[in-house]
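Residue numbers (numbering that gives the first Met the number 0): 0 to 243.
Shown next, in structure tokens, is the structure this report addresses.
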Amino acid sequence: MRPYLFITTAFLTMSCEISEAGRRFTYVYEAKVAEKNEIEVENWVTWKSGPDDENAFDFRHELEFGVTDRFQLALYAADWNVADNVARYQNTALEGIYQLTNPATSFLGSALYGEVKLGDQQFKLETKGILQKNIGPLVLAYNATLEAEWEGANLDNLDERQGKLEHSAGASWKISPNIKVGGEFQQKFYLADWSVPTQTTVYAGPNIALEFGRYFATFTGMIQATGISGQPDFQLRTIFGVEL
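The following block contains the structure:
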């Protein structure tokens with residue numbers, strides 16, 4: 000019995016690795032949250048490249064705050080993009096994440112995510128279920144996301160509606176105290192007028208996360224594997240931030 004007890008204890012010890020600062024992924028959310036009264040500032044930059052050398056850039060400025068040790072709120076002060084050399088404001092959002100189980104102390108980490116976005120021409124609601132498994136230096140994460148979106152010429156005329164169902168997953172391996180490498184996968188189903196899926200896209204690619212004290216930066220390059228026109232062929236997302 001003693002060898003089995005030793006193996007079980009070692010596995011649980013590896014699974015319950017102490018949580019770390021920063022993000023391991025840029026498209027996949029982890030089940031960890033900010034500690035109570037902890038503040039984190041993040042800036043997002045996403046470069047999207049399409050056919051015929053079409054390029055666009057999305058930007059996000061985010062402020063996170065730990066309300067309790069299990070509940071985190073975040074304000075997206077502004078989401079905006081640049082396309083065809085024109086900058087345009089998109090929306091402002093409020094996000095909440097409630098941690099059900101801590102991935103650093105539980106066999107399986109889990110959390111619930113909710114988000115409300117409001118812009119001058121759109122309104123969005125998003126929900127997400129988050130799972131995370133820590134196995135020593137390896138972190139595995141999975142997200143199931145449902146999004147509802149209404150768009151129009153203005154907020155009084157949101158006559159276009161669309162739903163999105165998304166599955167995303169990531170794996171990240173800590174190769175040194177400051178460096179983690181891995182990959183991410185994303186599959187989206189687009190539901191025009193909440194009917195059957197009209198488009199399905201699949202993206203996958205490598206990522207790297209760097210951490211230096213209170214500062215961190217994470218990069219992910221995603222290539223479209225489905226060849227759907229009207230969607231980017233390649234995306235490169237960078238998130239850099241600091242814990243205050």
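By construction, the Cβ of each residue, glycine as well, lies at the ideal position given by its N, Cα and C atoms.
These numbers were taken from a predicted model, which means no experiment stands behind them.
Exposure of residue i, with buried meaning 16 or more beta-carbon neighbours within 10 Å
{"i": "R87", "result": "exposed"}
{"i": "I222", "result": "exposed"}
{"i": "F215", "result": "buried"}
{"i": "S175", "result": "exposed"}
{"i": "E34", "result": "exposed"}
{"i": "T217", "result": "buried"}
{"i": "E53", "result": "exposed"}
{"i": "V85", "result": "exposed"}
{"i": "I38", "result": "exposed"}
{"i": "R213", "result": "exposed"}
{"i": "G204", "result": "buried"}
{"i": "A140", "result": "buried"}
{"i": "A82", "result": "exposed"}
{"i": "T7", "result": "Unreliable positioning characterises T7 in this predicted model, as indicated by a pLDDT of 40, which lies under 50. The coordinate reading is nonetheless provided below. With fewer than 16 Cβ atoms within 10 Å of its Cβ, T7 is classed as exposed."}
Three-state class that DSSP yields for residue i in the structure shown
{"i": "P205", "result": "strand"}
{"i": "D78", "result": "strand"}
{"i": "D57", "result": "strand"}
{"i": "S18", "result": "Note on S18: pLDDT 47, under 50, position unreliable in the model; no value is reported."}
C-alpha gap between residue i and residue j, whole angstroms
{"i": "A110", "j": "Y28", "result": "10 Å"}
{"i": "D68", "j": "G113", "result": "17 Å"}
{"i": "S194", "j": "R160", "result": "10 Å"}
{"i": "L124", "j": "E41", "result": "21 Å"}
{"i": "N177", "j": "E165", "result": "30 Å"}
{"i": "G135", "j": "P102", "result": "11 Å"}
{"i": "T25", "j": "D119", "result": "26 Å"}
{"i": "I129", "j": "N142", "result": "5 Å"}
{"i": "E94", "j": "E63", "result": "9 Å"}
{"i": "Y189", "j": "N133", "result": "31 Å"}
{"i": "L209", "j": "N80", "result": "25 Å"}
{"i": "E56", "j": "K47", "result": "As written in the sequence, residue 56 is Phe, which differs from the Glu given in the question. Their Cα atoms are separated by approximately 6 Å."}
{"i": "A92", "j": "N156", "result": "20 Å"}
{"i": "A152", "j": "L117", "result": "14 Å"}
{"i": "D21", "j": "L137", "result": "The amino acid occupying residue 21 in the given sequence is Gly; Asp does not appear at that position. Their backbone Cα atoms lie some 15 Å apart in a straight line."}
{"i": "D51", "j": "K31", "result": "40 Å"}
{"i": "L243", "j": "F58", "result": "21 Å"}
{"i": "Q186", "j": "T225", "result": "10 Å"}
{"i": "K173", "j": "Q131", "result": "15 Å"}
Residue from the options with nearest C-alpha to residue i
{"i": "S228", "options": "N101, T197 and Q89", "result": "T197"}
{"i": "F184", "options": "S171, I178, A191 and P176", "result": "S171"}
{"i": "L99", "options": "G108, T91 and A92", "result": "G108"}
{"i": "F239", "options": "E37, T45, A33 and A30", "result": "T45"}
{"i": "T219", "options": "V180, V115 and F188", "result": "V180"}
{"i": "T144", "options": "G226, N133, K127 and E34", "result": "K127"}
{"i": "T200", "options": "K173, L137, I207 and P231", "result": "P231"}
{"i": "L235", "options": "E210, A224 and N206", "result": "N206"}
{"i": "N319", "options": "G204, D192, W149 and K187", "result": "The requested residue 319 does not occur in the structure, where the chain is confined to residues 0 to 243."}
{"i": "N36", "options": "L139, G65, K187 and D158", "result": "G65"}
{"i": "A191", "options": "A140, E146 and Y75", "result": "E146"}
{"i": "Q71", "options": "E61, G49, Y97 and A77", "result": "Y97"}
{"i": "G169", "options": "D158, Y202 and L154", "result": "Y202"}
For residue i, the residue or residues it bridges with in DSSP
{"i": "S175", "result": "I178"}
{"i": "W43", "result": "R59 and I238"}
{"i": "G95", "result": "L72 and G113"}
Cβ of residue i within 8 Å of any chain C Cβ
{"i": "E53", "result": "Chain labels in this structure do not include chain C; a single protein chain is all it has."}
heavy atom of the ligand HEM below 7 Å from residue i C-beta
{"i": "A82", "result": "Summarising the ligand content, the structure contains no ligands, and the ligand HEM is consequently not present."}
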